[in-house]
Amino acid sequence: MILLKQTQNKFPEWYWTHGLHDANIVSVMKKESDWNPRDNCLILKIDCDGALFEADITEIRFYNYKIKASDFDVNLLNGGWWLSDEVVTKGDHYLLDLKFDTAKCKTKHLEITFSRAEVIRE
């Protein structure tokens, strides 16, 4: 299931409109700027060979992100599987609600806000 709530029903150019269900989340990495702690990036490397759609995506970068749950361990994403997502526009930023299975087959949710995303395709 893919949901994007957007005023004017227009998808951002970076959005994976056909979905990433069953994509493997190969790794997750957090990058932070030495000069500005708010200048950060969450990088998800994904393998979409098994995904139903969007098989050409290899990486998604979320800039100026903030994880909603302070105790969330991003390492749970490593080796997991993308199930569904919802992206909502909130003023000048976005909210991603990602439902995924961990490598140990436990279903989890990750909620992050971010200012922009970059999708790397093959």
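Heads up: the sequence shown begins at 907 in the working numbering, then just goes up one per residue. Virtual Cβ for every residue (Gly too), placed ideally from N, Cα, C. Every value quoted in this text rests on a predicted model; they were computed, and no experiment measured them.
- Per DSSP, reduced to three states, the secondary structure at N970 is coil, with no helix or strand assignment.
- Counting only the Cα atoms, V932 lies some 12 Å from I966.
- Counting the other Cβ atoms within 10 Å of the Cβ of L926 gives 16 or more, which makes it buried.
- Cβ contact annotation for T1008 (same chain, cutoff 7 Å, sequence separation greater than five): L982, G986 and K1014, in chain order.
- A straight-line Cα-Cα distance of about 17 Å links E1017 and E1024.
- The Cβ atoms of F978 and I949 do not sit closer than 9 Å to each other.
- Within the same chain, N930 and V932 come within 6 Å of D953 by CB-CB distance, once the 5 residues on both sides are set aside.
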